[in-house]
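Note that my numbering has the sequence shown beginning at 458, numbered continuously upward.
One structure is given below, encoded as structure tokens.
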Amino acid sequence: MFFGAGGAAALLLSGCADRQNTLAPHSSAARSITTLWWVMFIGSTIVVMVVSLLVVLAFLRRRGSLDHVEARGESPRARNAVLVSGALVPAVVLTILFVYVLTSVPATAEPKPKDAKLTIDVGGKQWFWTVRYPAQHVTTANELHIPVGVPVRVRVHTDDVIHSFWVPELNRKIDMIPGYDNSVLLEADRAGVYRGQCAEFCGLQHANMAFYVVAEPRAAFGRWVAREQRPPAAGAPGATLFTQVGCGGCHTIAGLSTGTVGPDLTHVGGRMTLAAGTIPQTRADLERWIGDPQHIKPGNKMPALHLTGSQIKRLAAYLESLR
Ligand code: CUA
Numbered sequence: 458m459f460f461g462a463g464g465a466a467a468l469l470l471s472g473c474a475d476r477q478n479t480l481a482p483h484s485s486a487a488r489s490i491t492t493l494w495w496v497m498f499i500g501s502t503i504v505v506m507v508v509s510l511l512v513v514l515a516f517l518r519r520r521g522s523l524d525h526v527e528a529r530g531e532s533p534r535a536r537n538a539v540l541v542s543g544a545l546v547p548a549v550v551l552t553i554l555f556v557y558v559l560t561s562v563p564a565t566a567e568p569k570p571k572d573a574k575l576t577i578d579v580g581g582k583q584w585f586w587t588v589r590y591p592a593q594h595v596t597t598a599n600e601l602h603i604p605v606g607v608p609v610r611v612r613v614h615t616d617d618v619i620h621s622f623w624v625p626e627l628n629r630k631i632d633m634i635p636g637y638d639n640s641v642l643l644e645a646d647r648a649g650v651y652r653g654q655c656a657e658f659c660g661l662q663h664a665n666m667a668f669y670v671v672a673e674p675r676a677a678f679g680r681w682v683a684r685e686q687r688p689p690a691a692g693a694p695g696a697t698l699f700t701q702v703g704c705g706g707c708h709t710i711a712g713l714s715t716g717t718v719g720p721d722l723t724h725v726g727g728r729m730t731l732a733a734g735t736i737p738q739t740r741a742d743l744e745r746w747i748g749d750p751q752h753i754k755p756g757n758k759m760p761a762l763h764l765t766g767s768q769i770k771r772l773a774a775y776l777e778s779l780r
């Protein structure tokens, strides 16, 4: 619904626009989580039904035939029924579920470096994501590209508070804890755009801390990497203004500025969204964002710079050209 032209095309091709459904798995790890969810759901439904039945039976007995039962003493059959349904059934069901959970854990375990063909470093910041491909020397933000069918190790860290990296259709969530690196495996079994979300409350804009994982065929992924590795053309119109008004103090554009307070903007024009999935990445939205970022995402670290209309237009045109 709210993407740039490239993003919209990718979403249409993928047929899974803006979805984030834990019950629609697209990797073997996510499939094992979904199966576990159904097994737990059915198992707990059985326990709830048995316990509810016992409660109803207990009420019926108290109301109807209590005197009669007391007169002839507790029947052994009734006592056995209570034992079986109240203790044995829950114990058996819970034991089966427990063992099943243990067998599902390895499917989502932390990947070993040797098991992965590609490593991506993702950092959590209030409230966006830094993304780095160390071997490819690619730095971006709020959008991961991965090749389809290739095990990708995502190593996560945080620069401030605890966040949680979660792409429900690809794997479980993994916490981003200060001073400790965690990792999770992403291996999409088909091309598509998968929405991810911060899953740990991390402040005012926690809900607006989203990202997208673009899984694409290897050739397309290779082209994306090559594009990301190319620094933007020097001397582009708008580049001077970008540094003059101070944007470079917070944002990196390769070859132009080195700020790290906000997201890397080297190829921001090629991304689908702005402000970590808050608004689409279009020229009009870029202008809106530069003009009044606090109105769109209150509390984020980007101030309104009180620029003139023409300055905003020139900056937006420049940023959009960074693809
Ligand atoms: Cu980051 Cu919630």
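Ideal Cβ positions, reconstructed from N, Cα and C, are used throughout, including at glycine.
What's the gap between the Cα of Gly-692 and the Cα of Trp-494? Per the coordinates, the alpha-carbon of Gly-692 lies some 54 Å from the alpha-carbon of Trp-494.
Neighbourhood of Trp-681 by C-beta, 6 Å cutoff - its chain only, sequence neighbours within 5 removed: Excluding sequence neighbours, Trp-681 sits near His-602.
Would you please state the rounded distance, in angstroms, between the beta carbons of Ile-747 and Leu-764? I believe it to be under 8 Å. About 7 Å; that satisfies the 8 Å criterion.
For Ile-490, does the count of other Cβ atoms within 10 angstroms reach 16, so buried, or fall short, so exposed? When all chains shown are included, Ile-490 counts as buried.
CB contact flag (Gly-706, Asp-646, <8 Å): Cβ atoms of Gly-706 and Asp-646: not closer than 8 Å.
Once you ignore the five residues that flank Gly-581 on each side, which residues in its own chain have a CB closer than 6 Å to its CB? In its chain, beyond the 5 residues on either side, Thr-615, His-620, Met-633 have a beta carbon closer than 6 Å to the beta carbon of Gly-581.
Pair within 8 Å by beta-carbon distance, Ser-484 and Glu-744: Going by C-beta atoms, Ser-484 is not nearer than 8 Å to Glu-744.
Could you check how far apart the C-beta atoms of Gly-579 and Leu-627 are, in whole angstroms? I think they sit under 8 Å. For the sequence presented, residue 579 should be read as Val rather than Gly. About 13 Å separates the Cβ atoms of Val-579 and Leu-627, ruling out a contact at the 8 Å cut-off.
Scan the region 508-589 and note each continuous beta strand (DSSP E) run of 3 residues or more that stays entirely inside, going in chain order. Annotation: the region 508-589 contains the following complete segments of the beta strand (DSSP E) (minimum length 3 residues), in chain order: 575-582.
Taking C-beta to C-beta, are Leu-776 and Leu-722 nearer than 8 Å? In this structure, Leu-722 lies closer than 8 Å to Leu-776 by Cβ.
Residue interval of the beta strand (DSSP E) (run including Arg-652): Counting along the chain, the beta strand (DSSP E) containing Arg-652 begins and ends at 649-655.
Can you tell me where the beta strand (DSSP E) with His-614 in it begins and where it stops? That run of the beta strand (DSSP E) goes 609-615.
Helix, strand or coil for Ile-747, going by three-state DSSP, please let me know. In the structure shown, Ile-747 falls within a helical segment according to DSSP collapsed to helix, strand and coil.
In angstroms with no decimal places, state the Cα-to-Cα distance between Tyr-637 and Trp-623. Between Tyr-637 and Trp-623, the C-alpha separation is close to 17 Å.
Is Phe-787 a contact residue of the ligand CUA, with contact defined as CB to any heavy atom under 7 Å? Any property of residue 787 remains undetermined from this structure, which presents the chain solely from 458 to 780.
Three-state secondary structure (DSSP) at Ile-490? Here DSSP, grouped into helix, strand and coil, assigns Ile-490 to helix.
For His-763, verify whether its CB is less than 7 Å away from any heavy atom of the ligand CUA. Relative to the ligand CUA, His-763 has its C-beta separated by 7 Å or more from all heavy atoms.
Does any heavy atom of the ligand CUA sit closer than 7 Å to the C-beta of Met-666? If you check the C-beta of Met-666 against the ligand CUA, you find a heavy atom less than 7 Å away.
By Cβ distance, which residues of its chain are closer than 8 Å to Gly-695, with the 5 residues on each side in sequence left out? Exclusion of the five residues before and after Gly-695 leaves Arg-771, Leu-772, Ala-774, Tyr-775, Leu-776, Ser-778 as the residues of its chain whose Cβ lies within less than 8 Å of its Cβ.
For Phe-498, does the three-state DSSP call read helix, strand or coil? DSSP places Phe-498 in helix when its eight states are reduced to three.
Who are the Cβ neighbours of Val-702 in its own chain at under 8 Å, not counting the five residues just before and after it? These residues qualify, in order along the chain: Leu-762, Leu-764, Gln-768, Leu-772.
Same chain, Cβ closer than 8 Å to Ser-640, neighbours up to 5 away in sequence not counted: Cβ neighbours of Ser-640 beyond the five flanking positions: Glu-567, Pro-568, Arg-610, Val-611, Arg-612, Val-613, Ile-631.
Proximity below 8 Å, CB of Gly-500 to CB of Val-550: The Cβ-Cβ distance between Gly-500 and Val-550 falls below 8 Å.
Quick check on Ile-603: does DSSP put it in helix, strand or coil? Ile-603 falls in the strand class under three-state DSSP.
Between Thr-436 and Met-759, what straight-line distance do the alpha-carbon atoms span, to the nearest angstrom? Nothing can be reported for residue 436: it is not among the residues displayed for the chain, which extend from 458 to 780.
Got a sec? Which residues, its chain only, sit under 8 Å from Ala-528 by beta carbon, not counting five neighbours each side? Residue confidence for Ala-528 is low, a pLDDT of 48 falling below 50, so the modelled location carries little weight; the figure read from the coordinates is stated next. Cβ neighbours of Ala-528 beyond the five flanking positions: none.
Is any non-hydrogen atom of the ligand CUA found closer than 7 Å to the C-beta of Gly-581, if you look at the structure I gave you? Yes - the ligand CUA has a heavy atom lying nearer than 7 Å to the Cβ of Gly-581.
On the CB-based measure, 16 or more other CB atoms within 10 Å of its CB, does Pro-604 come out buried or exposed? Classification of Pro-604: buried, given that the 10 Å Cβ count is 16 or more.
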